[in-house]
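If you count the sequence shown from 1, position 73 lands on 76 in this note's numbering, and the numbers rise without skipping. Ideal placement from N, C-alpha and C gives every residue a C-beta, glycine not left out. Have a look at the structure below, then the notes.
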Amino acid sequence: MKTIIRFLLISLLAGSAVVQAAEIENEGTMLRKLQRGFLNIALSPIEVSNELSKEKGSDTFPPSWVAGLGRGACFMVGRALTGAYEMVTFPVPYPANYRPILKPEFAWQHLPEKS
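So this is what it looks like as structure tokens:
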């Protein structure tokens, strides 16, 4: 039992060091394209919250959140599909030099800054 606990503790400590060292790869590499694809799939729901936050000050009929929700859902699906495409084709340098298909490259780059 003690060896199992020791093994689990060592695994936990070693695993946390690996997670802490994770970074975004340099531009123009196939690993950057793979990371971008994964992050675009995982963080695609940010698009919905971003579009809803853009519409929160608008007072229209029908409620503006309906338009924000629909637009955000479309952007979310688009970002997730683009991420899947980039993950499948990450070894292929297309577009040239592994450039991103979507602008901004990552979902969090177009979020409003805190004031």
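Is glycine 31 helix, strand or coil by DSSP?
coil
Less than 7 Å separating the beta-carbons of glycine 40 and glutamate 54?
For glycine 40 and glutamate 54, no; Cβs fall outside 7 Å.
Boundaries (first-last residue) of the alpha helix (DSSP H) holding tyrosine 101
Note, tyrosine 101: premise wrong, no alpha helix (DSSP H); not H, not E.
If you compare alpha carbons, which of Leu114, Thr32, Lys59, Glu50 is closest to alanine 99?
Thr32
Buried or exposed by the 16-neighbour rule on C-beta atoms within 10 Å, applied to isoleucine 49
buried
Since valine 119 and alanine 76 are thought to touch, with beta carbons under 8 Å apart, how far apart are those beta carbons, to the nearest angstrom?
The first residue shown for the chain is 4 and the last is 118, placing residue 119 beyond what the model contains.
In terms of alpha-carbon separation, which member of Leu105, Glu58, Arg35 lies closest to methionine 79?
Methionine 79 has its Cα closest to that of Leu105, out of Leu105, Glu58, Arg35.
Separation of methionine 90 from leucine 2, as counted between CA atoms:
Past the edges of the chain, shown from 4 to 118, lies residue 2, and the structure says nothing about it.
Using CA atoms only, rank isn't needed, just tell me which of Leu12, Leu46, Leu11, Leu15 is closest to leucine 114.
Of the listed residues, the one whose Cα sits closest to leucine 114 is Leu46.
Roughly how many angstroms lie between the CA atoms of asparagine 43 and alanine 110, to the nearest whole one?
For the pair asparagine 43 and alanine 110, the Cα-to-Cα distance works out to about 7 Å.
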